[in-house]
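K.L.:
Mind having a look at this structure? Questions to follow.
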Amino acid sequence: MQAAKALTLEDLTSFCIRRGFFLPTGRIYGGIRGFYDYGPLGAEMRKEILDDWWYYFVRRRSDVVGIHGAIITHPKTWEASGHVESFFDYLVTCRKCGKDYRADQLLEDLGFRLQTPTLDAISRVIRENDVRCPECGGELSEPQPFNLMFVTYVGPKRGAASEAYLRPETAQLIFTNFKDIYYTMGMKLPFGIAQVGEVFRNEISPRGFLFRLRQFTQMEIEYFVNPKKANECPFFDEVAGMTVQLLTAEQQERGEGEPLRITLAEAWECGYIGSQWHAYWIGESLRWLVRIGLSPHRLRVREHVKGELAHYAVQTFDVEYYFHFMGWKEIEGISNRGDYDLSRHQQFSGKTMAVEDGGELVIPHVIEPSFGLERIILALLTEAYRLEAGRPLLALNPRVAPVKVAVFPIVAKPDFVRKAREIYAMVKEHFTAIYEEKGTIGRRYYDADEMGVPFAVTIDGRTLEDDTVTVRFRDTKEQVRVPVSELVSTLRDLMARWDEVSRRRAAAPASEQSL
Numbered sequence: 009m010q011a012a013k014a015l016t017l018e019d020l021t022s023f024c025i026r027r028g029f030f031l032p033t034g035r036i037y038g039g040i041r042g043f044y045d046y047g048p049l050g051a052e053m054r055k056e057i058l059d060d061w062w063y064y065f066v067r068r069r070s071d072v073v074g075i076h077g078a079i080i081t082h083p084k085t086w087e088a089s090g091h092v093e094s095f096f097d098y099l100v101t102c103r104k105c106g107k108d109y110r111a112d113q114l115l116e117d118l119g120f121r122l123q124t125p126t127l128d129a130i131s132r133v134i135r136e137n138d139v140r141c142p143e144c145g146g147e148l149s150e151p152q153p154f155n156l157m158f159v160t161y162v163g164p165k166r167g168a169a170s171e172a173y174l175r176p177e178t179a180q181l182i183f184t185n186f187k188d189i190y191y192t193m194g195m196k197l198p199f200g201i202a203q204v205g206e207v208f209r210n211e212i213s214p215r216g217f218l219f220r221l222r223q224f225t226q227m228e229i230e231y232f233v234n235p236k237k238a239n240e241c242p243f244f245d246e247v248a249g250m251t252v253q254l255l256t257a258e259q260q261e262r263g264e265g266e267p268l269r270i271t272l273a274e275a276w277e278c279g280y281i282g283s284q285w286h287a288y289w290i291g292e293s294l295r296w297l298v299r300i301g302l303s304p305h306r307l308r309v310r311e312h313v314k315g316e317l318a319h320y321a322v323q324t325f326d327v328e329y330y331f332h333f334m335g336w337k338e339i340e341g342i343s344n345r346g347d348y349d350l351s352r353h354q355q356f357s358g359k360t361m362a363v364e365d366g367g368e369l370v371i372p373h374v375i376e377p378s379f380g381l382e383r384i385i386l387a388l389l390t391e392a393y394r395l396e397a398g399r400p401l402l403a404l405n406p407r408v409a410p411v412k413v414a415v416f417p418i419v420a421k422p423d424f425v426r427k428a429r430e431i432y433a434m435v436k437e438h439f440t441a442i443y444e445e446k447g448t449i450g451r452r453y454y455d456a457d458e459m460g461v462p463f464a465v466t467i468d469g470r471t472l473e474d475d476t477v478t479v480r481f482r483d484t485k486e487q488v489r490v491p492v493s494e495l496v497s498t499l500r501d502l503m504a505r506w507d508e509v510s511r512r513r514a515a516a517p518a519s520e521q522s523l
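The opening position of the sequence shown corresponds to residue 9 in my numbering, with each subsequent residue numbered one higher.
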């Protein structure tokens with residue numbers, strides 16, 4: 009089997025469009041950059057990831073509740089949060105052809121890596137290196153700040169009084185609703201509020217397929233703690249022994265690129281991670297990313313250097329995934345936001361954001377794990393893509409596979425089709441499933457493999473005799489016999505024990521394979 013290392017971003021983009029994972033929005037009109045529609049397989053994969061995230065971080069926990077906030081909120085929200093004043097990238101424009109560029113991306117593409125992409129630093133690099141337009145060689149303008157929020161209007165009239173914004177993040181809806189949730193749900197510190205939702209950023213130059221979009225989905229938790237108890241995490245022992253690849257701000261400032269291999273306990277004790285709660289949420293995030301199918305060795309934790317810290321952040325770490333066609337790229341940010349947001353909303357609204365804890369009123373500090381759904385999907389597809397005899401295969405974990413089971417009659421004869429449709433109806437009550445009777449059985453297997461279907465159930469001549477079917481494993485091509493009466497429970501068990509089963513089956517000789 010050929011590894012995914014030969015895959016290019018262009019190959020993956022083409023594959024996703026051909027198989028209906030993602031489609032350029034408005035494609036018949038030429039599309040619009042930075043926007044993609046989810047196709048049928050993509051929509052199913054999206055739902056599987058969101059459902060598992062919500063289960064893992066909300067439903068299985070007693071200290072996290074969820075909300076679903078509005079896309080447009082009171083515009084004062086974004087003044088208080090600092091987005092009106094501080095949420096921008098730097099834009100440069102070619103004076104000859106008029107093409108716009110995001111300045112730091114343009115310089116990075118040309119080999120200039122700025123640790124602190126300030127206005128002065130960008131301007132100096134462009135001037136000293138005579139950086140010109142890659143398209144026509146024209147002179148570039150001075151960099152100018154460009155606010156990334158989409159402006160819209162509420163009501164029939166357009167004007168300053170009706171101006172509003174499409175939300176650039178989901179977090180602020182959590183902060184503005186914080187006190188109501190605290191009281192209505194009877195919460196006590198420490199606790200978290202989670203939200204999944206669409207956000208909008210008017211990127212200057214969206215690129216990288218799903219990596220940088222103008223509309224995307226965030227999965228965020230704001231976890232509130234008493235600042236005096238930042239190092240009193242009762243769950244810390246669950247992750248303390250995890251070894252992570254950690255690239256600190258200090259290492260980066262010294263020009264070092266090789267991360268430390270260090271346990272989270274050591275990282276906290278040495279002061280690399282500022283609080284125990286922050287270290288815990290790094291570990292818990294990594295556990296979920298591995299759970300859905302990303303390899304630990306392709307994940308690292310990189311601390312933001314001082315110059316790239318957001319205006320609200322005390323300390324921020326990115327969980328980065330290694331894309332062999334793009335290098336290390338962020339798929340999640342985990343920030344210590346301090347009390348910035350609650351204090352600002354208290355200041356701008358005149359409403360107190362303090363809550364009682366241990367007999368005193370405190371404004372909580374916030375740890376924020378923020379996942380980008382589309383970036384995680386891009387990482388999962390990159391990780392899963394294989395070539396087998398020149399044919400694509402997606403080795404997706406069943407937790408996130410858009411289709412779990414394929415049901416095939418070995419031939420399209422009436423008795424086989426009748427029995428196959430009966431089994432398909434039964435399986436579909438429990439799992440996302442597909443049915444196909446056309447084409448050779450080999451071709452149908454290939455198609456299912458390409459969609460990432462972990463199991464194919466085949467109805468053959470023996471099925472009509474003893475009511476058993478074969479279950480074919482996508483990754484090993486092994487087939488085992490299962491009674492129809494036990495099919496659903498067997499599939500459910502195999503999916504629940506996927507990591508264990510797949511490792512054992514890959515290692516054992518064919519003669520020793522068993523369920």
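We treat Cβ as the ideally placed atom computed from N, Cα and C, and that holds for glycine.
Just the Cα atoms here: how many angstroms apart are C278 and T390?
P.N.:
Translated into the one-based positions of the sequence shown, residue 278 becomes position 270. Translated into the one-based positions of the sequence shown, residue 390 becomes position 382. Near 34 Å, if we compare the C-alpha coordinates of T390 and C278.
K.L.:
On the criterion of 16 or more Cβ atoms from any shown chain inside 10 Å, does R505 qualify as buried, or is it exposed?
P.N.:
The count along the sequence shown starts at 1 and reaches residue 505 at position 497. Flag for R505 reads exposed.
K.L.:
Look at the alpha carbon of H353 and the alpha carbon of L404, and state the distance between them as a whole number of angstroms.
P.N.:
Stepping through the sequence shown from its first residue, residue 353 is reached at position 345. Stepping through the sequence shown from its first residue, residue 404 is reached at position 396. Cα-Cα distance, rounded: 43 Å.
K.L.:
What residue range does the alpha helix (DSSP H) around A500 cover?
P.N.:
As a working mapping, residue 500 is identified with position 492 in the sequence shown. A quick correction: the sequence has Arg, not Ala, at residue 500. Counting along the chain, the alpha helix (DSSP H) containing R500 begins and ends at L495 to A504.
K.L.:
Among the candidates F65, H82, I80 and T81, whose CA atom is the shortest distance from the CA of G74?
P.N.:
The count along the sequence shown starts at 1 and reaches residue 74 at position 66. Per the Cα distances, F65.
K.L.:
How should R308 be labelled, buried or exposed, when 16 other C-beta atoms within 10 angstroms of its C-beta is the threshold for buried?
P.N.:
Counted from its first residue, the sequence shown places residue 308 at position 300. Buried: at least 16 other Cβ atoms inside 10 Å.
K.L.:
Taking the alpha carbon of V327 as the point to measure from, which residue in A202, H312 and Y320 has its own alpha carbon closest?
P.N.:
In the sequence shown, residue 327 corresponds to position 319, counting from 1. Ranking the options by Cα distance to V327, first place goes to H312.
K.L.:
For E52, collect the residues of the same chain with a Cβ closer than 8 Å to its Cβ; drop the 5 residues on either side in sequence, then sort them by chain order.
P.N.:
Here residue 52 is taken as the residue at index 44 of the sequence shown, counted from 1. Taken in chain order, the residues that qualify are P410, V411 and T440.
K.L.:
For P517, which residues of its own chain have a beta-carbon under 8 Å away from its beta-carbon, when the five flanking residues on both sides are left out?
P.N.:
The sequence position of residue 517 within the sequence shown is 509, counting from 1. A caution first: P517 carries a pLDDT of 45, below 50, which makes its placement in the model too unreliable to give a value.
K.L.:
Where do the ends of the beta strand (DSSP E) carrying Y190 lie?
P.N.:
If you number the sequence shown from 1, residue 190 lands on position 182. Y190 -> not in any beta strand (DSSP E); alpha helix (DSSP H) instead, spanning F186 to T192.
K.L.:
Quick one: is I36 buried, meaning 16 or more other Cβ sit within 10 Å of its Cβ, or exposed?
P.N.:
For the purposes of this step, residue 36 is taken as the residue at position 28 of the sequence shown. I36 is exposed by the Cβ-count criterion.
K.L.:
Can you tell me where the beta strand (DSSP E) with R308 in it begins and where it stops?
P.N.:
Within the sequence shown, numbered from 1, the residue matching residue 308 stands at position 300. It spans L307 to E311 - the beta strand (DSSP E) in which R308 sits, taken as one unbroken run.
K.L.:
Tell me, please, whether the segment 235 to 252 touches the segment 280 to 287 by the rule of three or more beta-carbon pairs shorter than 8 Å.
P.N.:
Short answer: they touch.
K.L.:
Just how far apart, CA to CA, sit E497 and D475?
P.N.:
Mapped onto the sequence shown, residue 497 falls at position 489. Mapped onto the sequence shown, residue 475 falls at position 467. This sequence places Ser at residue 497; Glu is not what is there. Rounded to whole angstroms, S497 to D475 spans 16 Å at the Cα level.
K.L.:
Rounded to whole angstroms, how far is the Cβ of S524 from the Cβ of E340, which I believe are closer than 8 Å?
P.N.:
Look at the range of the chain in this structure, 9 to 523, and you will see that residue 524 is not part of it.
K.L.:
Let me confirm a value: Q123 is counted as buried when at least 16 other C-beta atoms fall within 10 Å, else exposed. Which label applies?
P.N.:
What you label residue 123 is simply residue 115 of the sequence shown in a count that begins at 1. With fewer than 16 other Cβ atoms within 10 Å, it is exposed.
K.L.:
Mind the definition here: the segment 175 to 186 touches the segment 133 to 142 only if three or more C-beta pairs lie below 8 Å; say whether that holds.
P.N.:
no
K.L.:
List the DSSP bridge partners of W336.
P.N.:
Along the sequence shown, read from residue 1 onward, the residue named residue 336 stands at position 328. Beta-bridge pairing links W336 to Y330.
K.L.:
Using only the alpha-carbon positions, how far apart do K196 and F356 sit?
P.N.:
Start at 1 with the first residue of the sequence shown, and residue 196 comes out as number 188. Start at 1 with the first residue of the sequence shown, and residue 356 comes out as number 348. In this structure, the alpha-carbon of K196 lies about 25 Å from that of F356.
K.L.:
Three or more C-beta pairs closer than 8 Å, one from the segment 103 to 110 and one from the segment 142 to 151: is that the case here?
P.N.:
yes
K.L.:
Just tell me which of T256, E228 and E364 has its CA closest to the CA of Y191.
P.N.:
By 1-based counting over the sequence shown, the position of residue 191 is 183. Residue E364 is the option with its Cα nearest to Y191.
K.L.:
Starting from M250 and walking both ways along the beta strand (DSSP E), at which residues does that stretch end?
P.N.:
On the sequence shown, residue 250 is found 242 positions in, with the first residue counted as 1. Segment: none, M250 is in no beta strand (DSSP E) and carries neither H nor E.
K.L.:
How big is the Cα-Cα spacing for D468 and K485?
P.N.:
Start at 1 with the first residue of the sequence shown, and residue 468 comes out as number 460. Start at 1 with the first residue of the sequence shown, and residue 485 comes out as number 477. Taking the straight line from one Cα to the other gives about 17 Å.
K.L.:
Return the CA-CA distance between S70 and A456, expressed in angstroms with no decimal places.
P.N.:
As a working note, residue 70 is residue 62 in the sequence shown. As a working note, residue 456 is residue 448 in the sequence shown. About 39 Å.
K.L.:
Here's the rule I'm using: 16 or more other beta-carbon atoms within 10 Å means buried, otherwise exposed. How should I270 be labelled?
P.N.:
Your numbering for residue 270 matches position 262 in the sequence shown. Answer is buried; the Cβ neighbour count reaches 16.
K.L.:
Roughly how many whole angstroms lie between the Cα atoms of G447 and H438?
P.N.:
Locating residue 447 in the sequence shown gives position 439, where the first residue counts as 1. Locating residue 438 in the sequence shown gives position 430, where the first residue counts as 1. Using only the alpha carbons, I get a separation of about 26 Å.
K.L.:
So, at 6 Å on beta carbons, what are the nonlocal neighbours of F120 in its own chain, with the 5 sequence-adjacent residues on each side left out?
P.N.:
By one-based count along the sequence shown, residue 120 stands at place 112. Result list for F120: V133, in chain order.
K.L.:
Which same chain residues end up closer than 8 Å to R26 when comparing Cβ atoms and leaving out the 5 residues on each side of it in sequence?
P.N.:
Start at 1 with the first residue of the sequence shown, and residue 26 comes out as number 18. Here the set comprises nothing.
K.L.:
Identify which residue in G42, E177, A202 and S351 has its Cα closest to the Cα of L58.
P.N.:
Reading the sequence shown from its first residue, position 50 is the one you call residue 58. In terms of Cα proximity to L58, the closest of G42, E177, A202 and S351 is A202.
K.L.:
May I have the straight-line CA-CA distance separating Q521 from P491, to the nearest angstrom?
P.N.:
Indexing the sequence shown from 1 puts residue 521 at position 513. Indexing the sequence shown from 1 puts residue 491 at position 483. Residue placement at Q521 is flagged as unreliable, the pLDDT there being 35, under the threshold of 50; a coordinate-derived value is accordingly withheld.
K.L.:
Restricting to Cα atoms, I'd like to know which of K337, G301, E382 and G200 is closest to R67.
P.N.:
What you label residue 67 is simply residue 59 of the sequence shown in a count that begins at 1. It is G200.
K.L.:
For the beta strand (DSSP E) that S378 lies in, which residues bound it at each end?
P.N.:
For the purposes of this step, residue 378 is taken as residue 370 along the sequence shown, with counting starting at 1. It spans H373 to G380 - the beta strand (DSSP E) in which S378 sits, taken as one unbroken run.
K.L.:
What's the C-alpha gap between P372 and N155?
P.N.:
Walking along the sequence shown from the start, residue 372 turns up at place 364. Walking along the sequence shown from the start, residue 155 turns up at place 147. Each residue's Cα considered, the two are about 29 Å apart.
K.L.:
What residue range does the beta strand (DSSP E) around R394 cover?
P.N.:
Position 386 of the sequence shown, counted from the first residue, corresponds to residue 394. It spans Y393 to E396 - the beta strand (DSSP E) in which R394 sits, taken as one unbroken run.
K.L.:
Near E473, which residues of its chain fall below 8 Å by C-beta distance, leaving aside the five closest residues on each side in sequence?
P.N.:
Mapped onto the sequence shown, residue 473 falls at position 465. No residues qualify anywhere along the chain.
K.L.:
Please confirm whether T471 and I449 have their CB atoms less than 8 Å apart.
P.N.:
Against the sequence shown, residue 471 aligns to sequence position 463. Against the sequence shown, residue 449 aligns to sequence position 441. No, they are not a contact pair.
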